[in-house]
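Worksheet: the structure to be examined is printed underneath.
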Amino acid sequence: VGLAGLVDAKNPRDILVAMPATHYMEYSVEYDIYKPRIYFRQKSDAVLGANFMMGHDILFDAEKGRIGFSESDCDYMSIVQNAASSTRD
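Below you can see the structure in the form of structure tokens.
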């Protein structure tokens with residue numbers, strides 16, 4: 016599950032990570048449209064930010080040069096709201 020074998024036969028051990036639109040689209044009240052929050056400014060590098068990581072547990076194994084992903088059931092928005100309310104108290 017989650018391996019790219021059916022999509023990319025040349026790299027069957029690569030993974031697929033689901034990222035819902037709510038993690039990269041932002042509503043603009045001013046223009047009444049949704050705007051993408053994905054930027055393609057680098058020619059060869061990519062940055063996976065917090066929006067990409069939401070909903071996943073991620074293990075960075077620098078020693079072996081790999082990254083591991085698993086889906087997470089954490090409720091990010093609840094964590095943020097609780098942190099914000101605790102700083103107000």
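So the sequence shown is numbered by the numbering used here: it starts at 16 and just counts up by one.
Glycine residues also receive a C-beta, built at the ideal position from the N, C-alpha and C atoms.
At a Cβ-Cβ threshold of 8 Å, D76 and G70 do not count as neighbours. DSSP places S43 in the strand class (E or B) of the three-state scheme. With respect to S59, K50 sits apart: the two C-beta atoms are not nearer than 8 Å.
The alpha carbon of L18 has as its nearest neighbour, out of Y39, K79, I30 and L74, the alpha carbon of I30. In the structure shown, the three-state DSSP call for S85 is strand. Note: H38 is not bridge-paired with any residue in the DSSP secondary-structure output. If you ignore the 5 residues before and after N66, its C-beta comes within less than 6 Å of the C-beta of H38 and Y39, all in its own chain and listed in chain order.
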